[in-house]
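S.K.: Sharing a structure here in structure tokens format.
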Amino acid sequence: MAKKRNGRQDAIREIVRNKNVRTQRMLVDELKTFGFDCTQATVSRDIADMGLRKLPEGVYVLAEDLHLQRMVSELVVEVVRTGNLVLVKAQPGTASGIAAAIDAAELPAVLGSLAGNDTILVVARTDDDGERFETLISKLCNPHR
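Residue numbers (the numbering used here): 11 to 155.
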């Protein structure tokens, strides 16, 4: 049972980070594509267990991503990707704090980051992971996307 729940919660993490999930019903439907057939009550318990929150825009976000979301939405100016490398441009003097928030979120696609004064270089595992990270940061910058 615990193994299935952990696998489902891992799938929820991936879904929430990569899609704009607004309702529990939508999460149930997305979980089906991952092979999890569960009820809305089960998803509701998972949301509570995982500490998922809703942004003011109505999109679910992981608790561990909230700090990252606050920093990104206030401080990031631009996100540019080439392959597995993602360049995050930020307000002057804020790059190290944003890089620390990226590291603290323990994103599975991210190998690490380097920060200067206003630029963070994030190294993802693969080109696809780089694209997922770019999408996540862009979503956190502009949750309406």
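The C-beta atom is built at its ideal place from N, Cα and C for all residues, glycine as well.
Every value quoted in this text rests on a predicted model; they were computed, and no experiment measured them.
1) Taking only runs that begin and end inside the region 64-131, name each unbroken alpha helix (DSSP H) of 4 or more residues, in chain order.
2) I need the boundaries of the alpha helix (DSSP H) containing D158, first residue and last residue.
3) Here's the rule: buried if 16 or more other CB atoms are within 10 angstroms of the residue's CB, otherwise exposed. What is E144?
4) So, are the CB atoms of A115 and E74 less than 8 Å apart?
5) Just verifying my parser: in three-state terms, what is the DSSP assignment at T52?
6) How would you call Q79, buried or exposed, if buried means at least 16 neighbouring beta carbons within 10 angstroms?
M.R.: Once the coordinates are examined:
1) 73-85, 105-114
2) For the chain, the structure presents residues 11 to 155; residue 158 sits outside this window and is missing.
3) Here residue 144 is taken as the residue at index 134 of the sequence shown, counted from 1. That one is buried.
4) To locate residue 115, count along the sequence shown from 1; it is residue 105. To locate residue 74, count along the sequence shown from 1; it is residue 64. Yes, they are a contact pair.
5) Taking the first residue of the sequence shown as 1, we reach residue 52 at position 42. DSSP places T52 in helix when its eight states are reduced to three.
6) Position 69 of the sequence shown holds residue 79. Buried, by the Cβ-count rule.
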